[in-house]
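Letter by letter, the sequence shown follows residues 45 to 246 of the working numbering. Below is one structure, written out as structure tokens; comments come after it.
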Amino acid sequence: MTLLHQLGKSPIISAVRKPIEVERALETCVSNVFFMGGTVAELIPAVRLTKQYDKGAFVHLDLIRGLSNSDKESVDFIAEYVGADGIVTPKGHLIKEAKRVGLYGILHLFVLDSIALENGLKMANNLMPDGIELMPGVISKIIHRFSETLETIPIIASGLIQTKEEAAEALLAGATSLSVSGEHLWNFSFQDLPLNSDEFFE
């Protein structure tokens, strides 16, 4: 299964930081969960539970306490012992390591100015990650530029998306899906969002 197919099942990805949030996410209609906090000890059972619910599990390497965010051994650990589907990282060499061990590698980019935009596009073109997570997720101009330039790579908008209208705007700009921590958005399907561009921009 390609990452585009995996992420395209539903518009919202649950971004969770605590075990209690994982339990709530698994009761929603999301197809994927991004693990963005907690410890290694909390991560392992949470990922295994997520897989029991037949949902995708992706680990933000920079945000899990007890994991190195720069060593390839962390990627090996995620693949062999944690059992997640993929990792999210801003580090290019770890994207390559993810591909080596059969994990999806999602490149995390924080884009706030034109230099970061051009550098991010160059990095993505060189690495060809399985997906790109763009922050902040409310800058539709940046989302559109990435989705237009990198047509075959799914784009995940993340950060500061708090309303149904902001979610719809990011999707209309070209995002494949949205990583959000706001639980009030987790049960939204594509049908629940105003994705007719004429209607949205009236």
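Yeah, the Cβ is synthetic: ideal placement off N, Cα and C, and Gly gets one too. The structure presented is a predicted model; accordingly, all values stated were derived computationally and were not measured.
First and last residue of the uninterrupted beta strand (DSSP E) at His104: Here residue 104 corresponds to residue number 60 of the sequence shown, with the count starting at 1. Taken as a continuous stretch (DSSP letters only), the beta strand (DSSP E) holding His104 covers Gly100 to His104.
Just mark Ala302 as buried or exposed, buried being the case when its beta carbon has 16 or more other beta carbons within 10 Å. Limits of the chain in this structure are 45 at one end and 246 at the other, which puts residue 302 out of reach.
Local conformation of Leu125 per DSSP, three classes: The residue labelled residue 125 in the question sits at position 81 within the sequence shown. The sequence as given places Tyr at residue 125; Leu does not occur at that position. Reduced to three states, the DSSP call for Tyr125 is helix.
May I ask which residues mark the beginning and end of the alpha helix (DSSP H) holding Val84? Here residue 84 is taken as the residue at index 40 of the sequence shown, counted from 1. Val84 to Gln96 is the extent of the alpha helix (DSSP H) around Val84.
Pick helix, strand or coil for Asn113, following the three-state DSSP scheme. What you label residue 113 is simply residue 69 of the sequence shown in a count that begins at 1. It is coil, neither helix nor strand.
Lys95 to Ala101 span [Cα, whole Å]: In the sequence shown, residue 95 corresponds to position 51, counting from 1. In the sequence shown, residue 101 corresponds to position 57, counting from 1. Between Lys95 and Ala101, the C-alpha separation is close to 7 angstroms.
Could I get the ranges of all uninterrupted beta strand (DSSP E) runs contained in the region 178 to 212, with 3 residues as the minimum, in chain order? 199 to 202
Neighbourhood of Lys116 by C-beta, 6 angstroms cutoff - its chain only, sequence neighbours within 5 removed: In the sequence shown, the residue the question calls residue 116 occupies position 72. Within the same chain, Lys116 has close Cβ partners Glu141.
To the nearest whole angstrom, what separates the beta carbons of Ile200 and Leu171, a pair I think is in contact under 8 angstroms? For the purposes of this step, residue 200 is taken as residue 156 along the sequence shown, with counting starting at 1. For the purposes of this step, residue 171 is taken as residue 127 along the sequence shown, with counting starting at 1. That belief does not hold up - the Cβ atoms of Ile200 and Leu171 are roughly 15 angstroms apart, past 8 angstroms.
When DSSP builds the beta bridges, which residues end up paired with Leu222? Locating residue 222 in the sequence shown gives position 178, where the first residue counts as 1. Its beta-bridge partners are Ile56 and Ala201.
In this structure, how does DSSP classify Val145 when only helix, strand and coil are distinguished? Here residue 145 is taken as the residue at index 101 of the sequence shown, counted from 1. Coil at Val145, not helix or strand.
So, Val103 versus Leu87, is the Cβ gap smaller than 8 angstroms? Translated into positions along the sequence shown, residue 103 becomes position 59. Translated into positions along the sequence shown, residue 87 becomes position 43. Their beta carbons are under 8 angstroms apart, which means Val103 touches Leu87 by this criterion.
When DSSP labels each residue in this structure, what does Leu237 get in the three-state scheme? As a position in the sequence shown, residue 237 is number 193, starting the count at 1. Correct three-state label for Leu237: coil.
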